[in-house]
Amino acid sequence: MERIYLIVILLVIQSFSVIGQTLIKETDLSNDEIAYLQELSEKIACNDQKYRNYIANKTLDDQIIAKIDSVFDKHGMQEGLSYRSSLNLSLDKQVSDSLWQLQHQLDFENHLLLRGMLNTYGYLPKSILKEKHYIQVLLLLHPPKDWDVRLYQKTYSKLFLHEIKVGRMPAKDFANFYDNMQAKILREPQLYGTNQQFDPKSKMLLPPMIENIKETNKARKEIGLPPLKQGEYRIFK
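Mapping of the sequence shown onto the numbering used here: residues 5 to 241, in sequence order.
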């Protein structure tokens, strides 16, 4: 454990720009290095949901959570969200606050671990991180508590736009990150229009909410995404 945190400290004090301009492949890394990165990504993914799962599902009952997860897995997001909503679960505020305090501590540790990975390797391909590849973007939707969210978004956007330019990061991954920050954290219209949004009233997944289709399609073109068509978006009013 001490070795892991020593490595993280050394990584974090590096400059925020990534060393090297080429795509990282499996052949560029030793077997031990790949195994370590996979182990680290597994740890990060586990920590990310350790308490957040209880908070999101509003219950400490692991059996109920397992049932909810099975509905998501078998029937998709819309059915999963609808089923969870139908259970009318709730957590005592004191319990919820305590869980959040514990989760915020893990979020900060996770942020240091992930930033160290990004500083050293850039955006890693699925061939290296396997099924935990998603954590490189999903985790960043949980910025450390009390951080300036807009500055956080701007800083990582700059890094990820560089990663797109040098071919390490798919444009859709960055657009998902940016739009999730806009919609779920800042509560503002999406820029790229990549994320459907769940409507609790109709219990349906609706097209993404954007502010201006011309600006959205311009932004999409700049990173190599095709334009949105009529019916694939909603305009914020």
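No residue lacks a Cβ here, since even glycine has one placed at the ideal position from N, Cα and C.
From the listed residues F164, T198, T220, P129, the smallest Cα separation to T31 is found for P129.
Check the Cα spacing between E236 and each of K225, I214, I227, I132: the tightest is with I214.
Membership of F202 in the beta strand (DSSP E) is indicated by the continuous run 201 to 203. For L210, no alpha helix (DSSP H) run applies; the uninterrupted beta strand (DSSP E) run containing it begins and ends at 208 to 210, by DSSP.
Within the same chain, I68, I69, I72, R88, L93 come within 8 Å of N61 by CB-CB distance, once the 5 residues on both sides are set aside.
Residue burial annotation: V153 is exposed, with fewer than 16 other C-beta atoms found within 10 angstroms of its C-beta. For H146, there is no enclosing alpha helix (DSSP H), as DSSP marks it with neither H nor E.
Measuring C-alpha to C-alpha distances from Q109 to each of S86, P147, E135 identifies P147 as the nearest. Judged by beta-carbon spacing, L144 lies within the 8 Å limit of F181, meaning their Cβ atoms are closer than that value.
In this structure, the alpha-carbon of N184 lies about 34 Å from that of D36. Residue nearest to L103 within the set G171, Q194, E46, I59 is I59 (criterion: CA-CA distance).
The beta-carbon distance between Q200 and Q194, rounded to whole angstroms, is 10 Å. This is too long to meet the 8 Å contact definition. Every alpha helix (DSSP H) stretch that sits fully inside the segment 43 to 70 and reaches 4 residues is listed by chain position as 56 to 61. Less than 8 Å separates the beta-carbon of M173 from that of Y127. L229 and G197 have their C-alpha atoms roughly 11 Å apart. A direct Cα-Cα distance of roughly 8 Å separates L165 from F178.
Nearest C-alpha to L64 among L41, L95, A175, I132: L95.
Across the structure, L122 and K97 are spaced so that their CA atoms are roughly 36 Å apart.
Under the three-state reduction of DSSP, R191 is assigned to coil, being neither helix nor strand. Linking N51 to L117 through their CA atoms gives a straight-line distance of about 11 Å. According to DSSP, residue pairing for I214 in a beta bridge involves Q194, I239.
Going by beta carbons, S45 and K207 fall outside the 8 Å limit. For the pair Q53 and K134, the CB atoms are not nearer than the 8 Å cut-off.
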